[in-house]
Amino acid sequence: MEHSDKFFIIHYAEVGLKGKNRIYFERKLARNIRLSLQGTGYAEVKRLHDRIAVYLKQNTDITEIERRLHHVMGIAHFELVVRTKKDVDEIKETALQLTKDKNFETLKVETKRTDKSFPLTSPEISSEVGGYLIQKTGTNADMHNPDLRLWINLSHNDAYIYTDKLQGVGGLPVGVSGKVVVMLSGGIDSPVAAWQMMKRGAKAIFLHFYSYPYTDKASLEKVIELTRILSESNYRSVLYLVPFAELQQTIVTETPAPFRVLLYRRMMTRIAQRIALLVDAEALVTGESLAQVASQTLPNLRSIEAVAEIPILRPLIGYDKVEIIAKAEELGTFEVSTLPHQDCCSLFVPKHPATHATQEELDTAEEGLDILALVEESMNGIERKIVSFSYE
Ligand code: ATP
Ligand code: MG
Numbered sequence: 005m006e007h008s009d010k011f012f013i014i015h016y017a018e019v020g021l022k023g024k025n026r027i028y029f030e031r032k033l034a035r036n037i038r039l040s041l042q043g044t045g046y047a048e049v050k051r052l053h054d055r056i057a058v059y060l061k062q063n064t065d066i067t068e069i070e071r072r073l074h075h076v077m078g079i080a081h082f083e084l085v086v087r088t089k090k091d092v093d094e095i096k097e098t099a100l101q102l103t104k105d106k107n108f109e110t111l112k113v114e115t116k117r118t119d120k121s122f123p124l125t126s127p128e129i130s131s132e133v134g135g136y137l138i139q140k141t142g143t144n145a146d147m148h149n150p151d152l153r154l155w156i157n158l159s160h161n162d163a164y165i166y167t168d169k170l171q172g173v174g175g176l177p178v179g180v181s182g183k184v185v186v187m188l189s190g191g192i193d194s195p196v197a198a199w200q201m202m203k204r205g206a207k208a209i210f211l212h213f214y215s216y217p218y219t220d221k222a223s224l225e226k227v228i229e230l231t232r233i234l235s236e237s238n239y240r241s242v243l244y245l246v247p248f249a250e251l252q253q254t255i256v257t258e259t260p261a262p263f264r265v266l267l268y269r270r271m272m273t274r275i276a277q278r279i280a281l282l283v284d285a286e287a288l289v290t291g292e293s294l295a296q297v298a299s300q301t302l303p304n305l306r307s308i309e310a311v312a313e314i315p316i317l318r319p320l321i322g323y324d325k326v327e328i329i330a331k332a333e334e335l336g337t338f339e340v341s342t343l344p345h346q347d348c349c350s351l352f353v354p355k356h357p358a359t360h361a362t363q364e365e366l367d368t369a370e371e372g373l374d375i376l377a378l379v380e381e382s383m384n385g386i387e388r389k390i391v392s393f394s395y396e
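Under this note's numbering, think of the first position of the sequence shown as 5, with each following residue one higher.
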């Protein structure tokens with residue numbers, strides 16, 4: 005099958021990248037793009053100097069590729085480029101074709117040359133092609149605020165023309181920053197927190213605690229679906245499901261009621277840490293946002309964190325709920341997160357939870373518990389699931 009004369013050029017942003025890091029970053033990005041484009045029938049993903057090209061076949065579905073590239077972390081922007089011969093007449097015709105389905109009244113053509121031997125200078129090409137387009141489409145030139153911009157790049161062998169610069173998500177390719185264990189509850193916040201970390205190049209390993217038989221299994225279905233949605237950018241994802249009912253039962257019978265939620269959280273943190281060790285992750289991630297609920301006041305966050313030996317990252321700490329909801333809607337997780345379910349932490353919750361529990365108070369409350377044994381017991385019941393995104 006012959007390659008199409010159209011292809012995508014992908015740009016990435018992080019300028020601080022140098023030497024070995026840069027090569028690692030570029031390889032990872034190219035690899036992730038290949039994973040994203042599986043099944044689309046693209047021809048090749050190739051690393052060029054400073055950018056990545058996605059070559060297409062004649063019948064590749066361009067809209068689908070474009071849609072998927074919008075989910076690849078680390079892409080700053082990209083464009084669909086048409087290749088032509090380095091001939092002014094051909095360039096003009098191709099440019100005219102490209103403007104056909106566009107709605108515009110003003111236009112600007114910009115040219116860049118790497119081939120300085122070409123008979124026309126960049127401004128001359130721009131004005132020649134621009135003049136032609138204006139005449140053919142009955143539009144006007146506008147050098148400052150045009151409705152449509154058309155770019156022409158002249159390289160040594162060919163000319164490349166494109167009209168739209170498409171915005172990517174930005175950030176870093178998933179995997180370049182290491183791994184994190186994301187505590188995924190089935191609520192609105194934690195999937196957004198996961199996405200923010202993935203965007204900074206962290207590979208997410210997901211972890212969910214459930215209280216079956218005290219709650220139904222709806223939360224499991226939800227976290228599997230949330231993990232599936234997130235795996236469009238995280239790729240093959242591991243989800244750990246931890247039975248939490250017995251442990252909660254023990255906390256309820258053995259500790260003072262006002263501290264329950266905080267003690268659940270501490271146990272979750274300890275178990276999550278064990279998993280982090282298992283999968284070689286360097287931090288835990290939660291969807292907590294400052295003072296959103298009683299367990300997320302500064303003193304409470306602090307006394308939960310006291311049992312952690314690795315960092316707990318909270319990418320949403322400074323976000324308002326409305327901002328988190330807007331992001332969740334954009335990601336498509338909101339719809340799933342708002343399906344009814346009972347979170348294990350809403351179980352046996354006292355009327356008046358402590359809002360200012362100190363570390364010492366929680367330590368004292370835990371004195372009667374055999375913490376190591378409880379962690380061990382939960383670890384024994386753990387289930388590991390592989391979740392992937394599948395395109396229809
Ligand atoms: P979310 O919308 O993410 O559930 P929330 O505002 O409801 O957050 P909490 O229920 O207090 O807040 O949970 C705070 C954080 O603790 C969650 O964002 C999540 O990271 C973690 N968490 C809570 N419940 C669970 C659970 N059942 N399994 C795993 N993590 C959980
Ligand atoms: Mg919740």
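Glycine included, every Cβ here is placed at the ideal spot set by N, Cα and C.
Owing to the predicted nature of the structure, the values given are computational and were not obtained by experimental measurement.
query: Given residue 2, which residues of its chain have a CB within under 7 Å of its CB, disregarding the five upstream and five downstream residues?
result: The chain is shown only over 5 to 396; residue 2 falls outside these bounds and no answer can be derived.
task: Consult DSSP for residue 3 and reduce its assignment to one of helix, strand or coil.
output: Residue 3 lies beyond the residue range present for the chain, which begins at 5 and ends at 396; the question has no answer from this structure.
task: Kindly say whether residue 316, judged by its beta-carbon, lies nearer than 8 Å to any beta-carbon of chain D.
output: Here chain D cannot be found, since the structure has a single protein chain.
message: I'd like the span of the beta strand (DSSP E) that includes residue 387, first residue to last.
response: According to the DSSP assignment, residue 387 belongs to the beta strand (DSSP E) that extends over 387-391.
- prompt: Mind listing, in chain order, the residues whose beta carbon lies closer than 6 Å to a non-hydrogen atom of the ligand MG?
  reply: 189, 191, 347
- request: Quick one: grab the DSSP three-state call for residue 84.
  value: Of the three classes helix, strand and coil, the one that applies to residue 84 here is strand, per DSSP.
- prompt: Cβ of residue 297 within 7 Å of any heavy atom in the ligand ATP?
  reply: yes
message: Quick check: the Cα distance between residue 166 and residue 29, rounded to an integer number of angstroms?
response: 26 Å
- prompt: Going along the chain, which residues of its own chain have a beta-carbon closer than 8 Å to the beta-carbon of residue 380, five neighbours each way excluded?
  reply: Nothing listed; no residue qualifies.
field: Outcome for residue 2 when other beta-carbon atoms lying within 10 angstroms are tallied against a minimum of 16
entry: The first residue shown for the chain is 5 and the last is 396, placing residue 2 beyond what the model contains.
task: May I ask you to verify whether the region 102-109 touches the region 151-164, counting CB pairs closer than 8 Å and requiring at least 3?
output: Counting Cβ pairs under 8 Å, three or more are found: they touch.
- prompt: Relative to the ligand ATP, is the shortest distance from any of its heavy atoms to the C-beta of residue 292 smaller than 7 Å?
  reply: Residue 292: yes, Cβ under 7 Å from the ligand ATP.
query: At what residues does the beta strand (DSSP E) containing residue 314 begin and finish?
result: Neither: residue 314 is in no beta strand (DSSP E) and is coded neither H nor E.
Local conformation of residue 272 per DSSP, three classes: helix
message: Measuring straight from C-alpha to C-alpha, what distance separates residue 209 and residue 382?
response: 18 Å
- request: Provide the residue(s) that pair with residue 287 in DSSP beta bridges, ordered along the chain.
  value: The partner list for residue 287 (beta bridge, DSSP) reads 184.
- prompt: Given that a residue counts as buried once 16 or more other Cβ atoms are within 10 Å of its Cβ, and exposed if not, what is residue 376?
  reply: exposed
query: Any chance the CB of residue 212 is under 7 Å from a heavy atom of the ligand ATP?
result: Within the cutoff, so yes.
- prompt: Is the region 252-271 touching the region 305-320 in the sense that three or more CB pairs, one from each, lie closer than 8 Å?
  reply: yes
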